[in-house]
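Data first, discussion second: the structure below is written as structure tokens.
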Amino acid sequence: MEDQIKIIRTTSENHDFVSLVSALDKSLWEAYPELKSNYWGNNIIELNPNVVIVYLDDVAVACSCFKKYDRNTIEIKRMFVSVDNRGKRLAQLMLRELESWAKELGFTVSVLETLYKQEAAIRMYQKAAYVITENYGPYVGLKNSICMQKQI
Numbered sequence: 001m002e003d004q005i006k007i008i009r010t011t012s013e014n015h016d017f018v019s020l021v022s023a024l025d026k027s028l029w030e031a032y033p034e035l036k037s038n039y040w041g042n043n044i045i046e047l048n049p050n051v052v053i054v055y056l057d058d059v060a061v062a063c064s065c066f067k068k069y070d071r072n073t074i075e076i077k078r079m080f081v082s083v084d085n086r087g088k089r090l091a092q093l094m095l096r097e098l099e100s101w102a103k104e105l106g107f108t109v110s111v112l113e114t115l116y117k118q119e120a121a122i123r124m125y126q127k128a129a130y131v132i133t134e135n136y137g138p139y140v141g142l143k144n145s146i147c148m149q150k151q152i
């Protein structure tokens, strides 16, 4: 039997989002203990009205969000799929939902930052037509960051 997939739009106050982000932070600090002091400030999500959560059979298994970067641009943040649910194209579903939502709000460009060891994520973003660009904003000068962008 195939999993029932449901994607919802919500806010950063959603308890499932908070739990998934906690799991994301734990996984990042385990993979990149040396970067914690450099990146912690960039990963704090203030109240955010643009969150998506993926549910498989009514269990929250993936999340992401975007925030306004400038007048035309959103920044994708906190993209996470639980370990047991990777390889099911859930990140692609979330990315399409976020881009669609951003377009509805009048944005035309999406940017994001990921870390160099996140090879599967980088490949997924490239398949979704994101291209590597110069580091922007808080990531300028951070050699471990890979910044990407796409017209949406």
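Its first residue numbered 1, the sequence shown is counted upward by one per residue in full-length UniProt numbering. Beta carbons are placed, not taken as given, at the ideal position from N, Cα and C, and that holds for glycine. Please read all numbers here as calculations on a predicted model, not as lab measurements.
Distance between beta carbons of THR108 and ILE146, contact taken as under 8 Å: In the sequence shown, the residue the question calls residue 146 occupies position 146. In the sequence shown, the residue the question calls residue 108 occupies position 108. Not a contact, Cβ separation roughly 22 Å.
Segment contact flag, the stretch 63–75 with the stretch 117–125, C-beta cutoff 8 Å, min 3 pairs: no
Residue range of the alpha helix (DSSP H) that PHE17 falls in? Looking up residue 17 in the sequence shown gives position 17. Unbroken alpha helix (DSSP H) run through PHE17: 15–31.
Through-space distance from VAL51 to SER12, alpha-carbon basis: Reading the sequence shown from its first residue, position 12 is the one you call residue 12. Reading the sequence shown from its first residue, position 51 is the one you call residue 51. Answer to the nearest angstrom: the Cα atoms are 6 Å apart.
Distance, GLU104 Cα to LEU28 Cα: As a working note, residue 28 is residue 28 in the sequence shown. As a working note, residue 104 is residue 104 in the sequence shown. Spanning the two alpha carbons is a distance of roughly 31 Å.
Could you round the C-beta distance between ARG86 and CYS65 to whole angstroms and report it? I think they count as a contact, below 8 Å. Stepping through the sequence shown from its first residue, residue 86 is reached at position 86. Stepping through the sequence shown from its first residue, residue 65 is reached at position 65. 19 Å between Cβ atoms; not a contact.
Express the C-alpha separation of ILE132 and ARG9 in angstroms, rounding to a whole number. Position 9 of the sequence shown, counting from 1, holds the residue named residue 9. Position 132 of the sequence shown, counting from 1, holds the residue named residue 132. Rounded to whole angstroms, ARG9 to ILE132 spans 27 Å at the Cα level.
Can the beta-carbon of GLN149 be found less than 9 Å from the beta-carbon of SER100? Walking along the sequence shown from the start, residue 149 turns up at place 149. Walking along the sequence shown from the start, residue 100 turns up at place 100. No, the pair does not count as a contact, with Cβ atoms beyond the cut-off.
What distance in whole Å lies between the Cβ atoms of LEU47 and ILE5, which are believed to be in contact at a cut-off of 8 Å? By 1-based counting over the sequence shown, the position of residue 5 is 5. By 1-based counting over the sequence shown, the position of residue 47 is 47. With 8 Å as the limit, ILE5 and LEU47 do not qualify as a contact, their Cβ atoms being about 27 Å apart.
Assigned secondary structure, LEU56 (DSSP; H/G/I helix, E/B strand, else coil): The count along the sequence shown starts at 1 and reaches residue 56 at position 56. The answer is strand: DSSP assigns LEU56 an E or B state.
How about GLY141 and TYR69: are their beta carbons less than 9 Å apart? Walking along the sequence shown from the start, residue 141 turns up at place 141. Walking along the sequence shown from the start, residue 69 turns up at place 69. Not a contact, by the Cβ cut-off of 9 Å.
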